[in-house]
Amino acid sequence: MMAKHAEPPPRTTLAEEMVLSDREFRRIAAMLYEDSGIHLPEGKVSLVHSRLCKRLRVLGMESFRDYVDLIASQAGLGERRAMLSALTTNHTRFFREDHHFEDLKARLIGGWVDEARRGGRVRLWSSACSSGEEPYSMALTILEALPEAARYDIRILATDIDPVILERARRGVYAAAAIEPVPARMRERWMRRTGADYTLSDEVLGLVSFRELNLMRDWPMKGRFQAIFCRNVAIYFELETQDRLWGRFAPLLTADGRLYVGHSERVGDNRYEPSGQTAYKLRSARA
Ligand SMILES: C[S@@+](CC[C@H](N)C(=O)[O-])C[C@H]1O[C@@H](n2cnc3c(N)ncnc32)[C@H](O)[C@@H]1O
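Using numbering that gives the first Met the number 0, the letters of the sequence shown correspond one by one to residues 0 to 286.
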């Protein structure tokens with residue numbers, strides 16, 4: 000049997016010992032909500048604590064109270080953005096919920112590719128694109144259906160609130176483990192090895208434009224989209240916020256367009272009707 004107290008207690012840093020009071024948690028939650036629409040329930044205290052301890056350490060701060068005072072001030076605007084990056088969940092992967100990409104492929108082959116070949120405009124939007132796996136999966140799906148896509152007016156807009164993750168997405172470089180869900184034929188054709196990583200080819204990169212965009216604010220886009228992917232982000236918003244969001248997408252969808260949402264998200268707005276698993280079309284849609 001091991002002797003009692005044989006091991007010294009694990010060392011903790013100063014920041015880890017600091018307490019995040021209910022009051023400071025609520026101030027943080029209110030600012031995050033105001034900036035992004037993300038609703039942080041009470042149960043997330045320890046997650047917020049652990050993610051923000053890292054920020055306090057970087058800043059050499061010793062109390063959450065000082066940290067919250069900083070982000071509430073004009074001088075703390077930069078740190079407030081860093082807090083948003085620290086608190087958003089960026090988890091994603093290539094071909095996540097692959098039935099959406101099967102559906103997308105069917106719609107491309109069933110009409111949108113012809114539309115592009117006839118000189119039409121085809122636009123897809125990945126509206127919370129995180130580190131890029133989602134829009135690049137869309138691009139790979141396009142290239143499967145239309146390898147010479149660069150010759151046509153077919154493009155993907157990829158947006159996210161978090162400029163840090165967008166910078167990573169723009170590079171188009173992924174570790175071997177990250178590209179495992181990508182079918183081998185796509186890897187061979189549209190990616191190349193760069194050291195231990197894989198880099199997407201210019202054909203893939205050229206189809207996607209990344210922009211910073213907060214879904215809670217105004218959107219500059221005027222034209223319509225054949226497909227809008229809004230997956231695994233609305234889950235962090237309250238139901239009313241989700242409903243407002245689905246409503247704002249409706250006028251931006253083409254008559255034959257599709258809205259794809261995450262596996263645990265549902266679109267209740269009666270302007271839409273289901274079209275497969277967590278995919279929706281406008282109720283008056285012809286296709
Ligand atoms: C869990 S990831 C989802 C990535 C991808 N759509 C997927 O399903 O794999 C959620 C993303 O939503 C972004 N996000 C959170 N709030 C946002 C907002 N108000 N506007 C735009 N993007 C937001 C986060 O920065 C994060 O990258």
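Ideal Cβ placement from N, Cα and C applies to all residues, glycine included.
Using only alpha-carbon positions, find the residue among the options that is nearest to residue i.
{"i": "ARG289", "options": "ARG216, ARG54, GLU114 and PHE24", "result": "Past the edges of the chain, shown from 0 to 286, lies residue 289, and the structure says nothing about it."}
{"i": "LEU58", "options": "GLY75, SER125 and GLU187", "result": "GLY75"}
{"i": "GLY118", "options": "GLY110, ARG167 and MET30", "result": "GLY110"}
{"i": "PHE224", "options": "VAL121, PRO146 and PHE93", "result": "VAL121"}
{"i": "GLU114", "options": "GLY261, GLU96, HIS90 and ALA148", "result": "ALA148"}
{"i": "ASP201", "options": "GLU23, ARG22 and PRO146", "result": "PRO146"}
{"i": "LEU107", "options": "MET190, LEU123 and ASP97", "result": "LEU123"}
Taking residue i and residue j to be in contact with their CB atoms under 8 Å, please state how far apart those CB atoms are, rounded to whole angstroms.
{"i": "LEU103", "j": "MET137", "result": "7 Å"}
{"i": "ASN213", "j": "SER35", "result": "7 Å"}
{"i": "TYR151", "j": "VAL207", "result": "Rounded, the Cβ-Cβ distance is 15 Å, inconsistent with contact."}
{"i": "SER126", "j": "THR158", "result": "6 Å"}
{"i": "LEU281", "j": "GLY256", "result": "7 Å"}
Tell me the DSSP secondary structure of residue i in three-state form.
{"i": "ILE70", "result": "helix"}
{"i": "CYS229", "result": "strand"}
{"i": "PHE209", "result": "strand"}
{"i": "LEU252", "result": "strand"}
{"i": "ASP65", "result": "helix"}
{"i": "GLU147", "result": "coil"}
{"i": "VAL57", "result": "helix"}
{"i": "PHE236", "result": "coil"}
Would you say residue i faces chain E, with C-beta separation under 8 Å as the test?
{"i": "HIS99", "result": "No chain E is part of this structure, which consists of one protein chain only."}
What does the Cβ neighbour count give for residue i, buried or exposed, with the cut at 16 atoms within 10 Å?
{"i": "LEU252", "result": "buried"}
{"i": "MET82", "result": "buried"}
{"i": "LEU258", "result": "buried"}
{"i": "GLN241", "result": "buried"}
{"i": "PHE100", "result": "buried"}
{"i": "GLY42", "result": "exposed"}
Who pairs with residue i in a beta bridge, going by DSSP?
{"i": "LEU125", "result": "Here residue 125 is Ser; the residue named in the question, Leu, does not match the sequence. For SER125, which the question treats as bridged, DSSP gives the partners ALA157 and PHE228."}
{"i": "THR198", "result": "VAL172 and ARG191"}
{"i": "ARG257", "result": "ALA226"}
{"i": "PRO273", "result": "TYR279"}
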